[in-house]
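Protein chains in written order, with the numbering used here: chain A, 2 to 190; chain B, 2 to 190.
Everything below concerns the one structure shown next.
2 protein chains.
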Amino acid sequence: MIDTLRNHIVKRLGNDIENLEIVLASFKPIMVKRNEHILRSGEVCKYVYFIAKGCLQVYVHDKDMNDTTRDIVIEDNWCSELISFGSGQAATESIKAVESSELLAIDRRNFQNMMEQVPQFDKVYKQILEASYANSVYRINTFVSLNALERIQWLMEYRPDLMTRLSSKLIASYLGINKDVFSRLKAQL
Amino acid sequence: MIDTLRNHIVKRLGNDIENLEIVLASFKPIMVKRNEHILRSGEVCKYVYFIAKGCLQVYVHDKDMNDTTRDIVIEDNWCSELISFGSGQAATESIKAVESSELLAIDRRNFQNMMEQVPQFDKVYKQILEASYANSVYRINTFVSLNALERIQWLMEYRPDLMTRLSSKLIASYLGINKDVFSRLKAQL
DNA sequence: TTAAAACATCGACTTTTGTCATCGTTTGCT
DNA sequence: AGCAAACGATGACAAAAGTCGATGTTTTAA
Numbered sequence: 002m003i004d005t006l007r008n009h010i011v012k013r014l015g016n017d018i019e020n021l022e023i024v025l026a027s028f029k030p031i032m033v034k035r036n037e038h039i040l041r042s043g044e045v046c047k048y049v050y051f052i053a054k055g056c057l058q059v060y061v062h063d064k065d066m067n068d069t070t071r072d073i074v075i076e077d078n079w080c081s082e083l084i085s086f087g088s089g090q091a092a093t094e095s096i097k098a099v100e101s102s103e104l105l106a107i108d109r110r111n112f113q114n115m116m117e118q119v120p121q122f123d124k125v126y127k128q129i130l131e132a133s134y135a136n137s138v139y140r141i142n143t144f145v146s147l148n149a150l151e152r153i154q155w156l157m158e159y160r161p162d163l164m165t166r167l168s169s170k171l172i173a174s175y176l177g178i179n180k181d182v183f184s185r186l187k188a189q190l
Numbered sequence: 002m003i004d005t006l007r008n009h010i011v012k013r014l015g016n017d018i019e020n021l022e023i024v025l026a027s028f029k030p031i032m033v034k035r036n037e038h039i040l041r042s043g044e045v046c047k048y049v050y051f052i053a054k055g056c057l058q059v060y061v062h063d064k065d066m067n068d069t070t071r072d073i074v075i076e077d078n079w080c081s082e083l084i085s086f087g088s089g090q091a092a093t094e095s096i097k098a099v100e101s102s103e104l105l106a107i108d109r110r111n112f113q114n115m116m117e118q119v120p121q122f123d124k125v126y127k128q129i130l131e132a133s134y135a136n137s138v139y140r141i142n143t144f145v146s147l148n149a150l151e152r153i154q155w156l157m158e159y160r161p162d163l164m165t166r167l168s169s170k171l172i173a174s175y176l177g178i179n180k181d182v183f184s185r186l187k188a189q190l
């Protein structure tokens, strides 16, 4: 489990990282079951999670208690509610496990320590933030300019893995489409 | 013009910044006329801009050459295509002036220098990035969960200034609504 | 100042998307 | 294994959003 994270870091920062093992030791392994929450909106997000295995859903409830999924994150990626994590304010989003997952969590104190002790780790945060930002920008532009059918086609082209891995309901909520509409449009392809 | 930036920085980082004047001197003033581009998609974004006065539109073209506006940024804020600026890759978005504007531009080299010479300036970048990210997340969640009418109401509540300052066409494109639909719904409020 | 262009609004119509109820299938749980 | 719950597909209908053409208004630029 730790190996996945070690590989991930080495892949990005190279092999010459001082204190790599100390860094790795600051992460706490967490096992979550399918549908279990690791963050509920209103709470403060205390951790940044590295997903060693599994899949997480980041979402908000709309007024009718439907959930709208802002992001779906799979293994070998980072997931958190960075705004809450960084500011200490209550999170607006919730995060739950779509599948049983293996996570490595690091809290704020350890995160800060690491940024100071391991200079390169500062880059990790920047990378996480930049990747998250790029992802959001991309998503907005996709969203605003494509209709329901085009969004489905987009997902099939760029994330075909998600099409088979996730339930229709979840995909529809990720694409911002009603699940019945998703079902219909998918059929006519 | 420089005063606006000085105030902006002091407001965030406090008054005890070494080399503040040197920092400010790294910015190049740029005047842009209404409708003038400062970045076209396909080019590399070479600057981060501080808007001393005016208003910029960040947008992409969809397949029918309509533009869909990802962001509208007004004076006393930062604007850039951060992904391109950071990576040196071609920008996917374009940026143009909605009004005649006064900008202060800093290029990558100066930006890097400053991060090294003025330790606190590193924070500025992080703040810009975090603010941009938070903005995007907020926008996605608003967008996915609200219908056209609700999005208009949302804008009227949180950014009433934009409602009067911008053309209907631009607002509609920012809200992801057809301009005729926007006109109709606005009338029935 | 004035002609051209861009803008805003509106009605009539089309297309897309959402809702609801139903029904057979799959899945999860004990 | 067996039951309940969740899921997925679909038809009929309702609501929302988009398109187009016409018209009057405002801006822009020469």
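C-beta: ideal position from N, C-alpha, C; glycine also.
Residue i versus chain B: which residues are under 9 Å apart at the beta carbon?
i: A:LEU83; result: GLU131, TYR134, ALA135 and VAL138
Find the residues of chain A that neighbour residue i, judging by a C-beta separation of less than 7 Å, and give them in chain order.
i: B:PHE86; result: Ordered by position in chain A, no residue passes the 7 Å Cβ test against B:PHE86, which lies about 11 Å from the chain.
i: B:GLY89; result: Those do not exist, as B:GLY89 stays about 13 Å from chain A at its closest Cβ, beyond 7 Å.
Can you tell me whether residue i is buried or exposed? The criterion is at least 16 other CB atoms within 10 Å of its CB, across all chains shown.
i: B:THR140; result: Sequence inspection shows Arg at residue 140 of chain B; the Thr mentioned does not correspond to that position. It is buried - the Cβ of B:ARG140 has at least 16 other Cβ atoms within 10 Å.
i: B:LEU186; result: buried
i: B:LEU190; result: exposed
i: A:LYS11; result: Inspection of the sequence shows that residue 11 of chain A is occupied by Val rather than by Lys. Exposed, by the Cβ-count rule.
i: B:ASP181; result: exposed
i: B:ILE153; result: buried
i: B:GLU82; result: buried
i: B:TYR159; result: exposed
i: A:ASN179; result: exposed
i: A:GLN113; result: exposed
i: A:ILE235; result: Because chain A spans 2 through 190 in this model, residue 235 of chain A falls outside it and cannot be assessed.
i: A:HIS9; result: buried
i: A:GLY87; result: buried
i: B:MET157; result: exposed
i: B:MET115; result: buried
i: A:SER85; result: buried
i: A:SER174; result: buried
i: B:GLY89; result: exposed
If residue i sits next to residue j, beta carbons under 8 Å apart, how far is it from one beta carbon to the other, in whole angstroms?
i: A:THR70; j: A:ASP63; result: Wrong, their Cβ atoms sit about 11 Å apart, outside the cutoff.
i: A:ILE52; j: A:SER102; result: 6 Å
i: A:CYS80; j: A:LEU57; result: 5 Å
i: B:LYS127; j: B:LEU14; result: Not confirmed; about 12 Å, so no contact.
i: B:VAL61; j: A:ASN142; result: 5 Å
i: A:ASP72; j: A:THR5; result: So it is not a contact: roughly 20 Å between Cβ atoms.
i: A:ILE129; j: A:SER27; result: So it is not a contact: roughly 15 Å between Cβ atoms.
i: B:LYS29; j: B:ARG109; result: Incorrect: roughly 13 Å between the Cβ atoms, too far for contact.
i: A:TRP155; j: A:LEU163; result: So it is not a contact: roughly 11 Å between Cβ atoms.
i: B:LEU25; j: B:ILE3; result: 6 Å
Under 7 Å Cβ-Cβ, which residues of chain B neighbour residue i?
i: A:SER146; result: VAL61, ASP63 and THR69
i: A:GLY177; result: VAL145
By the criterion of Cβ-Cβ separation under 8 Å, what are the contact partners of residue i in chain B?
i: A:ILE107; result: Within 8 Å Cβ-Cβ: nothing; A:ILE107 doesn't reach chain B, min ~18 Å.
i: A:ASN142; result: VAL61, THR69, ARG71, THR93 and GLU94
Does at least one heavy atom of the ligand MG sit under 7 Å from the Cβ of residue i?
i: A:PRO120; result: The ligand MG is absent from the structure shown, which contains no ligand whatsoever.
Could you tell me which whole alpha helix (DSSP H) segments of length 4 or greater appear in the segment 157-184 of chain A?
Complete alpha helix (DSSP H) runs here, min 4: 161-166 and 169-176.
Beta strand (DSSP E) runs contained entirely in the segment 29-80 of chain B, provided each spans 3 or more residues
29-33, 38-40, 48-54, 56-62, 68-75 and 78-80
3-residue-minimum beta strand (DSSP E) runs that sit fully inside the segment 86-150 of chain A, ordered along the chain:
95-98 and 102-108
Report yes or no: do the segment 113-120 of chain B and the segment 159-179 of chain A share at least 3 C-beta pairs separated by less than 8 Å?
no
For the 8 Å Cβ check, are there 3 or more pairs between the segment 41-53 of chain A and the segment 88-97 of chain A?
yes
Can at least three beta-carbon pairs, one atom from the segment 30-40 of chain A and one from the segment 126-136 of chain A, be found at a separation below 8 Å?
The segment 30-40 of chain A, when compared against the segment 126-136 of chain A, does not touch it at the 8 Å Cβ threshold.
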